[in-house]
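Some notes on the structure that comes next.
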Amino acid sequence: MRSTKVEQELQRSLSQLFLKRGKVWEDGLLADLPKKWEKHGDLILFSHTSFSNPAWKNLDQNEFWTCVAEVFKVKRIAKQHVICPDGVRTPTVVLVLGKETWVTHIDNKIRYSFDVTKCMFSSGNITEKIRMSKLKCKDEIVVDMFAGIGYFTLPLLVHGKAKFVHACEWNPNAVQALRCNLHDNKVADRCQIYEGDNREVCPKGVADRVLLGLIPTAKDSYHAACQAVNSETGGILHIHCNVTSSGITCNDISEADFNLYNYYNVSNISCNKQLRSEWLVWAKKTADDISAILEEQQCRTSNKWTIQLLHIERVKSYAPHIDHLVLDLQLNPFCSPE
Ligand SMILES: C[S@@+](CC[C@H](N)C(=O)[O-])C[C@H]1O[C@@H](n2cnc3c(N)ncnc32)[C@H](O)[C@@H]1O
Numbered sequence: 001m002r003s004t005k006v007e008q009e010l011q012r013s014l015s016q017l018f019l020k021r022g023k024v025w026e027d028g029l030l031a032d033l034p035k036k037w038e039k040h041g042d043l044i045l046f047s048h049t050s051f052s053n054p055a056w057k058n059l060d061q062n063e064f065w066t067c068v069a070e071v072f073k074v075k076r077i078a079k080q081h082v083i084c085p086d087g088v089r090t091p092t093v094v095l096v097l098g099k100e101t102w103v104t105h106i107d108n109k110i111r112y113s114f115d116v117t118k119c120m121f122s123s124g125n126i127t128e129k130i131r132m133s134k135l136k137c138k139d140e141i142v143v144d145m146f147a148g149i150g151y152f153t154l155p156l157l158v159h160g161k162a163k164f165v166h167a168c169e170w171n172p173n174a175v176q177a178l179r180c181n182l183h184d185n186k187v188a189d190r191c192q193i194y195e196g197d198n199r200e201v202c203p204k205g206v207a208d209r210v211l212l213g214l215i216p217t218a219k220d221s222y223h224a225a226c227q228a229v230n231s232e233t234g235g236i237l238h239i240h241c242n243v244t245s246s247g248i249t250c251n252d253i254s255e256a257d258f259n260l261y262n263y264y265n266v267s268n269i270s271c272n273k274q275l276r277s278e279w280l281v282w283a284k285k286t287a288d289d290i291s292a293i294l295e296e297q298q299c300r301t302s303n304k305w306t307i308q309l310l311h312i313e314r315v316k317s318y319a320p321h322i323d324h325l326v327l328d329l330q331l332n333p334f335c336s337p338e
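When the letters of the sequence shown are read in order and numbered with UniProt numbering, they come out as residues 1 to 338.
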């Protein structure tokens, strides 16, 4: 979130506090003020890049953070450091004002509560959460392979009215929050949590829809996702990935290239943005990977499968030329004629 008015107010209040305490307001301090932040109820979370100048320590810390809190109209302040690359994405968040670490974030009429020092909140995924909430899945069984605190599980249950969601999650802190959020949003009776590695705990043969919401890639769980799909009626996979592109749009793709993809009938694929060449390459590669897994599974069951590329959703830009995409793949079983 960003607001120039608040930034100006923060500069004014803090420079006055420096003056009042007889301290020198150094030029570098202005650049050290936060440019963005996340607000969760009465708590504001700043990134590690702000308030890092040692000169802030010249002030009484409680007075300093209270002054910041008044500007942002919050009671608690937390600072985020770099997210741990530990697989469960543990944030290193420290409270610098206040003691209680649980926060409640409400978006799209859903209450997400979590411990801000133990779980992350993916606010950048709001468009995908809304897309999931608009799916009409009243009669569907869904498997959410990377449920977290319920980012997609909750919209699917609350707004999409999914019949049942099987939610896999291996971070015990996220599981605790998910349990609490299912209860708070009154949907606990339509969800079962599978605590552990989705490659081991994910249910098999049940899903009309499988969510693979992990970036940069959910590749390691493709196998379990294919096994989760209902083997009699098929299902849709929603596969998340960060994809790098140079910006070449599909208008520039040659006819020969398009023919290459025609196996999947890509001319029917939809996209919420102008389709880029590399996005299509990634989609085709992903469909090939899924196809190979299904073929391998086919050796054990009598099912053959067809795959259809339905849609590419561009969720957000992750960095220059890196986009968070979701590929919707339809998997349909058919029995061989003989
Ligand atoms: C960053 S969250 C993503 C949540 C949500 N889908 C989103 O995009 O906002 C990914 C979650 O998947 C969990 N996770 C990662 N690998 C997993 C695995 N193999 N089995 C179960 N959970 C896993 C992490 O603990 C984390 O809570």
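Just so it is clear, CB atoms sit at the ideal spot from N, CA and C, and this is done for glycine as well.
From a predicted model like this one, the values you see are computed outputs, not experimental measurements.
In the DSSP assignment, what residue or residues form a beta bridge with Q308?
Bridge partners of Q308: Q330.
Extent of the continuous alpha helix (DSSP H) to which E169 belongs
In the DSSP annotation of this structure, E169 is not part of any alpha helix (DSSP H); the continuous beta strand (DSSP E) holding it starts and ends at 164-169.
Which of helix, strand or coil DSSP assigns to M5
Position check: residue 5 holds Lys in this sequence, whereas Met was assumed. K5: helix per DSSP, three-state reduction.
I'd like to confirm something about E128: is its beta-carbon nearer than 8 angstroms to some heavy atom of ligand 1, or not?
When distances are taken from the beta-carbon of E128 to the heavy atoms of ligand 1, the shortest one is below 8 angstroms.
Where in the segment 218-246 do unbroken runs of the alpha helix (DSSP H), each at least 4 residues long, occur, reported from the N-terminal end onward?
Listed in chain order, they are 222-228.
Per DSSP, what kind of secondary structure is N58 in: helix, strand or coil?
Here N58 sits in helix by DSSP.
K79 by DSSP, collapsed to three states: which one?
Three-state DSSP puts K79 in a strand.
Counting pairs of beta carbons, one from the segment 219-236 and one from the segment 280-296, are three or more of them closer than 8 angstroms?
Contact between the segment 219-236 and the segment 280-296 is present, with at least three C-beta pairs closer than 8 angstroms.
List the whole-angstrom C-beta distance separating G41 from H105, where the pair is believed to meet the contact cut-off of C-beta under 8 angstroms.
About 7 angstroms; that satisfies the 8 angstroms criterion.
Chain-order list of residues whose beta-carbon lies under 7 angstroms from that of T306 (same chain, five-residue window excluded)
Excluding the 5 residues flanking it on each side, T306 has same chain C-beta neighbours closer than 7 angstroms at N332, F334, in chain order.
List the DSSP bridge partners of residue 341.
Residue numbering for the chain in the displayed model covers 1 to 338; residue 341 lies beyond these limits and cannot be assessed.
If I measure Cβ to Cβ from Q308 and keep anything under 6 angstroms in the same chain, skipping five residues before and after, which residues do I get?
Q330, listed in sequence order.
Leaving aside the five residues before and after E128 along the sequence, list all residues of the same chain whose C-beta is less than 7 angstroms from its C-beta, in chain order.
These residues qualify, in order along the chain: E313, V315, V326.
Out of G196, D189, Y151, point me to the one whose CA is closest to L211's CA.
Nearest Cα to L211 within the set G196, D189, Y151: Y151.
A147 beta carbon near ligand 1 (any heavy atom closer than 8 angstroms):
Yes - ligand 1 has a heavy atom lying nearer than 8 angstroms to the Cβ of A147.
Would you say the beta carbon of W25 is closer than 8 angstroms to some non-hydrogen atom of ligand 1?
W25 Cβ: outside cutoff for every heavy atom of ligand 1.
Beta-carbon gap between E100 and R76 smaller than 9 angstroms
A contact, by the Cβ cut-off of 9 angstroms.
Restricting to Cα atoms, I'd like to know which of S277, L10, A174, E9 is closest to I120.
Reading off the sequence shown, one finds Met at residue 120, where the question assumed Ile. Of S277, L10, A174, E9, the residue nearest in Cα terms is A174.
Buried/exposed call for N171, threshold 16 Cβ in 10 Å
Buried: at least 16 other Cβ atoms inside 10 Å.
Sorted by chain position, which residues of the same chain lie with C-beta nearer than 7 angstroms to V165's C-beta, five sequence neighbours on each side aside?
Beyond the five residues adjoining it in sequence on each side, V165 comes within less than 7 angstroms, by CB distance, of V142, D144, T153, L156, L157, R190, C191 in the same chain, given in chain order.
Please confirm whether K39 and F64 have their CB atoms less than 9 angstroms apart.
Going by beta carbons, K39 and F64 fall outside the 9 angstroms limit.
Measure the alpha-carbon distance for E26 versus A55 and round it to whole angstroms.
Distance between the alpha carbons of E26 and A55: 8 angstroms.
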